[in-house]
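For reference, the structure discussed in these notes is given below.
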């Protein structure tokens with residue numbers, strides 16, 4: 001025999017000892033967690049967890065009886081939901097670790113099936129298909145069945161979305177190294193992907209007549225350009241604006257992903273013209289002035305739906321909606337922030353200062369302006385002065401400096417967006433999102449977001465990712481598969497200026 | 001090496017040669033199928049099918065790039081849906097066979113992974129978990145991805161439900177022996193199970209104010225006690241009646257499973273008192289006269305959702321709904337038909353005639369009544385005479401005979417329901433359904449359905465399956481796992497009379 | 001003193017003695033009318049009526065306290081509604097007569113105010129305005145207040161609509177000559193006109209998704225071209241069809257007036273092409289084939305809203321709706337039946353036979369065809385033969401006769417529509433309706449309704465009343481004020497042919 | 001002849017010369033009012049007004065043709081609405097004056113009919129009824145027809161509601177003495193009363209799921225206890241709270257009258273416990289803790305619906321609603337503010353100071369406390385000191401003073417509510433409203449509204465008007481007709497204490 005399933009028990013018991021400590025703490029803390037709903041008294045901590053899990057996570061039926069087993073009582077789901085809800089953060093970690101380790105896949109069974117599959121290779125296809133199907137079933141974690149049942153309880157789907165948010169947090173915080181948690185994440189993601197399949201989503205246009213509950217959430221979730229008050233909110237759903245969201249039957253009143261659109265004459269190069277307060281809110285739209293749709297904010301609201309594609313589909317669905325409302329509309333574009341550009345630039349300056357390569361970044365003339373403006377010596381001092389100017393947004397105060405730095409900041413920013421990568425894809429997350437969707441990097445806009453936040457994040461620069469509808473499929477495939485970025489001449493021009501100046 | 005994946009190509013090509021013939025026919029028929037939506041001309045038949053499948057069923061991305069591949073263009077889904085819709089029945093068979101055989105699981109890849117999994121058994125758990133995850137992914141049929149995408153198109157979910165109905169028909173008609181079709185069925189069932197998970201369903205009470213579209217469908221789908229006209233329909237949604245359905249966001253206006261309920265003083269023992277026409281329809285319900293809820297008809301409407309549990313959940317959901325409307329209601333019961341009892345009884349009579357065991361069925365006195373009524377000799381002749389009486393429903397015309405046969409028919413029917421099995425479960429499908437749900441076989445009712453249909457099917461007998469709410473979980477598990485049937489004293493009494501008389 | 005209010009009591013008691021007899025009958029019948037809702041026992045008949053009326057029709061508050069009197073208890077309204085509902089037809093007549101006579105205007109008070117008004121003429125305007133306002137209040141019938149309160153009860157508005165239907169029937173059947181009933185009618189009409197003012201109506205498009213309750217009513221109310229079954233009904237709300245209704249918040253689920261529209265390429269000249277069954281119902285509309293909107297049926301559903309303008313407003317509202325859905329649609333027309341044409345024609349033939357003026361109706365050649373076809377002698381016999389042909393629709397069976405009679409029937413029909421009048425307005429009620437709305441009499445269509453009903457009513461002829469939107473105001477005013485009929489050249493040509501041939 | 005209709009022209013021209021001046025100003029101002037919608041140029045000012053009015057206010061049809069006259073074109077209504085909307089306040093005064101004076105009742109015609117009516121007194125009743133009907137018609141102002149047509153235009157009903165608000169303002173500001181304006185007001189009120197009849201209103205429960213548009217309005221309109229922010233608003237529609245409004249089909253999204261209800265264990269004696277912020281908002285209601293419904297705020301939103309009874313009906317409708325939701329609820333009561341009590345009290349103190357009657361208000365002991373607390377001499381000085389304490393809310397700062405003043409303030413307040421009258425009805429408008437509705441003055445609550453506003457308005461006292469459902473009819477009638485106030489023993493006790501101490 002080449003494998004020893006008997007060893008599992010031992011091995012899995014050493015996994016994640018860091019979480020053991022947590023569990024010990026949980027043991028003490030558990031008394032605090034009042035638990036009144038169910039008659040069975042919970043003794044708390046590891047014991048309580050084990051007891052509950054053993055009770056509510058029913059064993060998988062055998063392959064033969066898989067269609068003949070009654071669903072577990074709904075109280076199992078409710079007990080699980082209630083118990084989990086009563087845990088604090090550390091207990092949750094322990095609980096999820098336990099769930100994923102002890103109630104996952106039956107590895108012994110799987111390896112036996114793998115052996116049978118290999119044995120069957122010389123036999124007929126019927127047998128092979130049958131063993132494959134058993135294998136498929138055998139690879140189901142035991143807890144998957146419970147998760148499925150939870151989805152049927154009232155509020156169950158939302159519970160699972162939030163549960164996955166916790167799982168993601170555990171993984172990204174590296175609180176636990178157990179690979180089982182990744183399996184749990186994978187199982188949850190695959191279930192949620194089915195339940196939140198686009199065919200089951202509903203596009204809702206949010207207006208001032210929408211339920212207050214939804215509008216308040218829209219207001220809370222808007223992270224890109226925060227909404228300050230009722231008037232601000234009313235404007236975002238008023239004339240020349242559209243606000244769309246995907247909602248789901250199992251989570252009523254909860255927008256999953258929200259897209260704000262401005263209807264404009266030309267592709268906007270400035271965000272204040274969109275989100276600043278207008279005098280009146282009750283005027284009529286003039287359809288003749290509407291030629292372009294500008295996606296100026298898109299926000300996902302459910303951390304637990306990470307990796308479940310929604311934003312992309314929402315943009316495409318909204319494009320269809322707008323085309324049917326405005327048959328002649330032909331321009332679709334984002335007006336997007338560039339989070340991270342300033343930080344990246346400051347890092348770059350620090351590094352070039354160290355390496356003495358300041359002249360690779362700015363031209364002689366440009367450096368002179370910096371030196372004059374900051375009264376600093378050429379070289380390191382000037383680089384450091386520039387870094388400070390960027391860090392403090394001080395450069396904006398001098399009109400002359402602003403004019404002088406524009407070309408440099410624009411070509412640096414173009415490079416940041418186009419040239420900086422992570423695993424081959426655009427480093428900037430907003431860029432990565434739109435490029436995946438098949439948009440092209442169309443135009444960098446100077447002085448496009450002059451709010452303190454805009455200047456601090458990206459020196460006031462914003463970018464349009466433009467959606468040419470008959471090219472998005474192609475662009476998306478090229479980007480995802482070949483990592484090619486579709487970009488306009490303006491962007492490519494700026495990139496090449498950067499490359500020349502920095503001798504790349 | 002003990003397996004030869006290289007052999008697959010050959011082997012799979014010999015599968016299902018019966019369907020080959022079909023494909024040849026399809027080759028000829030294909031010219032007929034006009035195909036105008038897409039510019040690519042379809043040359044028809046096998047070639048057309050192959051071409052289309054090759055185009056629209058994209059290869060599975062590799063495991064590594066599975067989250068990095070763009071969704072195929074929506075036109076793929078539309079083309080598939082349109083093409084399939086244009087096929088006639090035989091072409092569909094060929095097409096589905098091809099799809100399931102040539103675009104299913106990559107068996108070679110799977111067996112390689114199985115080998116790697118076995119190799120890894122001595123190594124660490126991380127590796128094992130990773131290979132298991134690859135294996136899980138590797139067991140995904142290539143067409144699953146397309147099915148997923150189709151669900152996102154408008155009308156896509158309904159298309160897949162209907163597609164599965166075709167697949168089920170192919171399997172049950174044994175038109176094709178290919179095991180691949182079973183895989184396709186399994187894949188579809190698992191997808192549909194997720195999409196039609198109870199958490200995503202919506203309970204709708206159907207009233208006279210519901211959309212005509214839904215009411216017409218309710219009317220069409222009602223198979224148990226057919227609806228004859230508007231007045232009949234109006235009564236089923238009028239006072240002392242409730243009609244509930246599950247609907248799904250992806251199939252608007254389409255009731256998936258429909259439950260008709262009568263609100264009565266006592267548990268009904270007669271269906272005509274429920275479905276016969278009442279004089280008036282506009283009177284008010286008197287809540288004091290409502291003590292029991294009688295489920296007198298439940299119909300699933302989508303053949304393609306076979307095996308996706310809906311009826312069970314609907315009954316439970318409706319019980320909750322009724323409890324909240326009538327807090328003091330304590331009696332929940334079906335009033336169910338017994339399809340197949342007459343046929344079974346006729347078969348039994350034929351067999352006992354052959355075996356000369358007439359006396360095992362009826363008592364001496366009972367046979368005498370039959371002989372007198374039919375003017376026939378004892379023994380074979382009387383048995384045959386009785387068979388004919390049953391077959392023609394003639395026995396009902398004689399009050400005396402009716403009275404005489406009641407005890408015999410009741411105990412035979414009790415046995416049919418309680419004692420006749422298929423793979424250990426109740427042979428009668430309605431019994432099987434309610435027993436699975438955890439109901440108990442509560443009361444057989446003589447002269448309960450005196451319509452021609454009722455007499456022809458089950459000698460006018462009907463049965464109540466009663467739902468004792470705090471026992472359904474237990475009953476359901478006992479039945480599904482141990483094949484134990486919960487039954488009342490009345491039923492058990494009748495069964496034991498039958499056993500005594502038939503010397504079982 | 002020039003007037004004697006003291007005489008009222010006597011005078012009003014002699015009014016309507018015919019209804020006295022009715023009341024006597026009511027006296028006997030009243031025992032039958034069970035009356036359980038209210039504790040006060042009703043002794044029945046006149047006494048019961050008087051008692052109830054005295055109790056529930058509160059006296060009008062004085063002018064000074066009119067804003068300071070509490071509303072009567074709701075039970076008054078309910079008692080009135082219930083009591084009236086329990087009456088049979090004859091009792092209703094007696095009851096309404098009593099109500100309108102004994103609980104109407106205080107004539108003495110009014111004449112006193114009239115005197116005060118005349119006295120005040122030399123005084124200041126303030127006084128005059130004040131007395132006028134008192135007079136206005138004094139002219140309010142006492143029962144008006146009760147009617148107002150009834151409108152607030154649940155179902156009260158519908159009750160009053162039906163009450164007025166009874167009043168109208170009484171007036172038109174001349175069951176009672178009492179002028180007081182006319183006053184009651186006037187009061188009801190004025191109240192209903194306010195409550196059913198167009199600003200309070202809601203336009204609903206009826207589709208297959210509309211509540212069954214509404215569609216069944218649409219089906220019942222469609223008097224012009226009766227709806228035979230579900231399929232027929234489904235087609236009327238399917239592609240290339242529109243069905244609109246006005247509904248009212250106080251009568252939910254009740255369409256008040258219904259308009260059926262066909263969307264066509266050209267103005268239809270045949271009704272069967274609109275209402276005959278189409279093969280399929282689920283195809284899509286091709287917007288390029290929609291140039292005209294044909295109003296092929298309009299039905300008022302509430303007899304009690306007679307004289308409350310609804311149909312006219314519905315047509316205009318629907319035109320606006322269609323223009324917004326099909327901006328380029330420019331043709332709006334009815335395709336209308338001509339009820340009464342055959343009867344009128346038969347009357348004309350009888351009269352001309354008597355007067356020996358047959359040659360004024362048909363040409364020599366036309367008569368010859370009739371004589372040949374019917375094998376009858378010229379003159380009286382031929383006229384009588386033609387009358388019979390028309391009465392029996394027999395003429396349709398002979399193609400030759402059909403061809404021969406077409407010109408004659410067309411010009412006679414044109415005259416019937418255009419030339420025959422009642423109090424100066426078009427005798428034909430459908431013509432009168434559309435001409436009032438401002439339509440013009442646009443085209444007579446031969447062989448337009450070949451159903452037995454269509455041939456029997458109007459020899460198969462139908463007419464288009466066309467709505468030229470920028471002329472309807474003018475046409476309407478000219479018709480209503482000057483009795484001028486707007487008509488097309490085709491119609492005028494036919495009329496002048498008639499006039500020539502008949503020597504008018 | 002005793003009257004001279006010829007004089008009218010002259011007389012009406014001298015009415016309201018104050019408004020003449022306004023019109024002169026309008027003449028100048030008119031150029032400013034851009035007027036682009038209609039082709040006819042408006043020359044502005046009096047001339048423009050006259051011209052427009054002459055054009056859009058069509059003459060009344062004669063009595064005979066009243067049912068035969070086409071409705072005026074909709075453009076008349078739109079022109080009127082637009083023109084009026086473009087006027088500033090002063091122009092509106094002039095315009096309405098002109099409309100009501102020159103386009104009102106035809107006084108000559110009315111007086112002629114009055115004469116005919118008197119002449120007819122000796123003749124038969126038919127004639128009298130006919131002349132009365134003509135008189136009724138003759139008393140219709142010419143502009144009534146236009147107002148009716150405006151109600152049919154989109155937004156027309158709301159326009160008329162706002163128009164009446166302007167009319168009411170003119171009357172109450174006494175900007176114009178013209179009695180015609182009162183006629184216009186009466187006509188508008190009578191039309192609006194019909195359109196806003198309770199049968200046409202819709203009760204809406206406002207929740208957090210209601211449209212934001214409505215909730216924002218609810219927030220704006222809440223005058224009794226102002227709403228500060230979203231959380232505050234959310235609480236008012238959250239658990240243990242209900243918010244109901246009447247809406248009207250012709251004014252969608254516009255609550256007409258709003259009632260806030262708290263569901264409590266006992267009848268509340270303190271407003272802060274109702275409107276202060278709760279920790280959580282998402283808990284469930286415990287139905288066992290709900291015994292009483294407290295109406296803690298009712299607001300009418302439309303000035304133009306003054307005198308159209310809505311609040312009374314809303315309270316009664318809500319009581320029915322609550323009874324159906326909580327069948328065992330038996331306590332219904334307001335918790336009402338007492339606006340005006342402090343002002344009244346200060347007035348009283350000033351007067352008593354003048355009259356030297358301080359001892360009629362407070363007992364010796366009470367005065368002592370005041371003197372001590374304020375360090376003031378007895379008599380006038382103490383009275384003035386007390387007045388100041390009240391005016392500044394300073395007395396609240398001293399616990400001792402508070403305790404000392406409680407009995408005095410309570411009995412004074414009871415008197416203010418119960419004994420102070422205006423035209424025989426309660427002077428306090430809130431008291432008058434609830435007493436009209438039939439509530440009884442049930443309990444004065446000390447320290448019930450300790451907000452600065454509450455202390456300033458009514459020394460922190462609030463009052464419960466309790467609705468004993470089977471007494472409201474009787475109470476309402478007694479109050480409205482006899483001016484009797486239903487009050488509890490507590491209130492009557494306080495009143496009698498006041499009377500004793502003040503020697504009334």
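Protein chains in written order, with the UniProt record's numbering: chain A, 1 to 504; chain B, 1 to 504; chain C, 1 to 504; chain D, 1 to 504.
Beta carbons: idealized from backbone N, C-alpha and C, even for Gly.
Bear in mind that the values here come from a model prediction, so they are computed numbers and not experimental data.
Exercise. Which residues, in order along the region 195-223 of chain C, keep a beta-carbon less than 7 Å from a beta-carbon of chain B?
Worked result: 208, 209, 210, 211, 212, 213, 215 and 216
For this session: With distances taken Cα to Cα, identify the nearest neighbour of residue 409/B among 474/B, 485/B, 211/B and 363/B.
Result: The option with the nearest alpha carbon to residue 409/B is 363/B.
Exercise. Is DSSP giving residue 218/C helix, strand or coil here?
Worked result: helix
Exercise. Under a Cβ-count criterion, where at least 16 other Cβ atoms within 10 Å of its own Cβ denotes burial, should residue 548/C be classed as buried or exposed?
Worked result: Outside the shown range of chain C, which is 1 to 504, sits residue 548/C, and nothing can be said about it.
For this session: Check distances from the C-beta atoms of the region 252-273 of chain A to those of chain D and list, in chain order, the residues that come in under 8 Å.
Result: 253
For this session: For the region 281-353 of chain A, list the alpha helix (DSSP H) runs that are entirely contained and at least 4 residues long, ordered along the chain.
Result: 311-325
Problem set entry | Beta-carbon proximity list for residue 502/A, same chain, < 6 Å, skipping 5 on both sides | 360
For this session: On a CA-only basis, which of 460/D, 196/D, 171/D and 291/D is nearest residue 338/D? Give me that one, please.
Result: 460/D
Exercise. Does DSSP classify residue 421/C as helix, strand or coil?
Worked result: strand
Exercise. Who are the neighbours of residue 230/B on chain C, taking C-beta pairs under 7 Å?
Worked result: 216
Exercise. Expressed to the nearest angstrom, what Euclidean distance is found between the alpha-carbon atoms of residue 235/D and residue 84/A?
Worked result: 28 Å
Exercise. Hey, would you say residue 342/B sits closer than 8 Å to residue 464/B, going by beta carbons?
Worked result: no
For this session: Tell me, please, whether the CB atom of residue 488/D is closer than 8 Å to any CB atom in chain C?
Result: Chain C, which has no Cβ nearer than 8 Å to the Cβ of residue 488/D, makes this no.
Exercise. Excluding five sequence neighbours on each side, which residues of the same chain lie with their C-beta closer than 7 Å to the C-beta of residue 171/B?
Worked result: Result list for residue 171/B: 181, 182 and 185, in chain order.
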